[in-house]
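Chains as they are written, first to last, in this note's numbering: chain Z, 1 to 155; chain V, 1 to 155. All C-beta atoms, glycine included, are put in the ideal place defined by N, C-alpha and C. Quantities reported herein were computed from a predicted structural model and do not represent experimental measurements.
Number of protein chains: 2
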Amino acid sequence: MSAKKLDRIDKKILKALVEDGRKSTIEVADQVGLSATACGRRIRQLEDDGFITGYSANISPKELGLNICVLITVKLNRHTPDGHEQFIHEIESHPEVSEFLLVAGNYDYLLRVWVADTDALTLFVANVLQGIPSVLETSTMLVLKQSGDLVNLPW
Amino acid sequence: MSAKKLDRIDKKILKALVEDGRKSTIEVADQVGLSATACGRRIRQLEDDGFITGYSANISPKELGLNICVLITVKLNRHTPDGHEQFIHEIESHPEVSEFLLVAGNYDYLLRVWVADTDALTLFVANVLQGIPSVLETSTMLVLKQSGDLVNLPW
DNA sequence: GTTGAAACTTATTAAAC
DNA sequence: GTTTAATAAGTTTCAAC
């Protein structure tokens with residue numbers, strides 16, 4: 001949970017590092033109006049306190065030949081631990097699934113899937129997904145446009 | 001589009017930098033079995049070729065006091081450029097929307113929204129979303145579990 | 001909070017293989 | 001591709017203010 005609270009400068013630091021996770025301490029310090037020493041201390045603190053959980057390189061799916069992104073909602077027919085386990089186990093072994101969410105609402109799961117072309121998509125939906133016994137029904141939405149992978153910070 | 005193809009080592013480099021975007025050239029080099037010089041060259045190449053689009057710090061929503069994540073599907077009543085523009089314009093000014101996708105399928109948009117509590121969620125859905133004239137109907141799914149924000153690479 | 005300096009680690013480049 | 005060496009830049013820690 002959130003134990004400590006962030007002041008305006010901490011928030012600026014987070015913003016700077018979300019924009020570019022490889023910014024040097026000095027660059028961040030300039031951007032937020034702090035000395036490098038003080039800024040370095042705060043960054044370390046933000047990491048230690050768990051506000052910053054890590055750093056990642058952002059990869060371009062298109063460059064990897066993954067031209068199609070779809071969202072697939074899934075309903076299971078067996079709402080038992082077994083049914084879920086079976087589903088998760090099958091799904092996890094498929095790298096085209098870039099994200100999967102357990103949800104409560106009209107569906108049980110929502111998957112984000114990247115594929116090269118419609119053939120690959122057909123294979124995935126027909127052979128993989130619908131081949132899982134605990135899957136009752138799926139519905140696929142084609143993603144036409146994404147809001148940048150930019151993370152919006154709440155300020 | 002993808003002009004150049006990646007060999008096994010390039011893929012390992014991408015994997016290493018997705019895991020930790022601040023890994024030093026030397027660490028990556030060790031991990032993939034390359035000299036630091038060669039590895040640095042490849043990393044720069046991957047950046048220049050657009051395979052790596054950038055680096056980001058990963059922030060913990062929980063630590064920021066954002067305890068609830070929901071997915072909200074949206075249908076518009078006016079499928080005109082104006083209707084979309086109006087919707088996007090309204091949505092973009094709300095930081096609780098961390099992601100929004102234009103989709104083709106059963107819905108028009110899908111939003112990922114982070115809020116502190118159910119009160120904030122109610123406010124957002126009732127006042128913000130349903131206050132937009134071009135919004136016909138929304139449906140909210142509570143996200144119970146996320147597949148790590150880990151990015152699955154297709155290998 | 002600040003500056004400044006020292007010690008250490010990296011990054012980058014070049015040269016030679 | 002490799003190693004080695006030199007330069008430049010960034011990080012971290014410490015002392016002093």
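- Taking the beta carbon of Pro154 (chain V) as reference, the chain Z residues within 8 Å of it are Leu64, Leu66, Pro95, Glu96, Trp114, listed in sequence order.
- Contact between Asn67 (chain V) and Ala116 (chain V) holds, since their C-beta atoms are separated by about 6 Å, short of 8 Å.
- In this structure, the CA atom of Asp108 (chain Z) is about 24 Å from the CA atom of Leu76 (chain V).
- Around the Cβ of Arg44 (chain V), a 10 Å sphere holds fewer than 16 other Cβ atoms; the residue is exposed.
- DSSP, reduced to helix, strand and coil, places Asn127 (chain Z) within a helical segment of the structure shown.
- Here DSSP, grouped into helix, strand and coil, assigns Ala104 (chain V) to strand.
- Taking a beta-carbon distance threshold of 7 Å, Tyr55 (chain Z) counts as an interface residue toward chain V.
- Nearest in C-alpha terms to Val97 (chain Z), of all of Z:Ala36, Z:Pro133, Z:Leu129, Z:Arg78, is Z:Leu129.
- At least one beta carbon of chain Z lies nearer than 7 Å to the beta carbon of Gln146 (chain V).
- Here Thr37 (chain Z) is exposed. Its C-beta has fewer than 16 other C-beta atoms within 10 Å.
- About 5 Å separates the Cβ atoms of Ile72 (chain V) and Thr140 (chain V), confirming a contact at the 8 Å cut-off.
- Taking Ile9 (chain V) as the centre and dropping the five residues before and after it, the same chain places the C-beta of Val32 closer than 6 Å to its C-beta, in chain order.
- Taking a beta-carbon distance threshold of 7 Å, Asn77 (chain Z) does not count as an interface residue toward chain V.
- Chain-order list of chain V residues neighbouring Asn106 (chain Z): Ser139, Met141, by C-beta distance under 7 Å.
- Straight through space, the alpha carbons of Gly21 (chain V) and Asp20 (chain Z) are spaced by roughly 10 Å.
- Cβ contact annotation for Asn106 (chain Z) (same chain, cutoff 8 Å, sequence separation greater than five): Thr73, in chain order.
- Contact check for Leu101 (chain V) against Gln86 (chain Z) fails: the beta carbons are separated by 7 Å or more.
- Per DSSP, the unbroken beta strand (DSSP E) holding Glu137 (chain V) starts and ends at 135-146.
- By the CB criterion at 7 Å, Ile13 (chain V) and Val28 (chain V) fall inside the cutoff.
- Its chain contains Phe124, Val128 as the residues whose beta carbon lies nearer than 8 Å to that of His94 (chain V), once the 5 sequence neighbours on both sides are disregarded; these appear in chain order.
- Lys75 (chain Z) carries a strand assignment under DSSP once its states are collapsed to helix, strand and coil.
- Its chain contains Ala16, Leu17, Gln31 as the residues whose beta carbon lies nearer than 8 Å to that of Lys23 (chain V), once the 5 sequence neighbours on both sides are disregarded; these appear in chain order.
- In the structure shown, Gly33 (chain V) adopts coil according to DSSP, grouped into three states.
- Sequence-distant Cβ neighbours of Gly83 (chain V) in its own chain, meaning closer than 6 Å and more than five residues away, are Leu76, Ser134.
- In the displayed model, Thr122 (chain V) falls within a helix according to three-state DSSP.
- Against chain V, a Cβ distance below 8 Å from Ile52 (chain Z) picks out Ala57, Asn58, Ile59, Ser60.
- For Arg8 (chain Z), there is no enclosing beta strand (DSSP E); the residue is found in the alpha helix (DSSP H) stretching over 8-19.
- Ile26 (chain V) sits in a helix when the DSSP states are folded into three classes.
- Under the 7 Å criterion on CB atoms, Val135 (chain Z) is classed as non-interfacial with respect to chain V.
- Excluding sequence positions up to five before and after Glu99 (chain V), its CB lies within less than 6 Å of the CB of Arg112, all in the same chain and listed in chain order.
- Residue burial is scored here from C-beta neighbours: Ile26 (chain Z) has fewer than 16 other C-beta atoms within 10 angstroms and is therefore classed as exposed.
- Excluding its 5 nearest sequence neighbours in each direction, Tyr55 (chain Z) has C-beta neighbours in its own chain below 6 Å: Gly21, listed in chain order.
- A straight-line Cα-Cα distance of about 30 Å links His79 (chain Z) and Leu153 (chain V).
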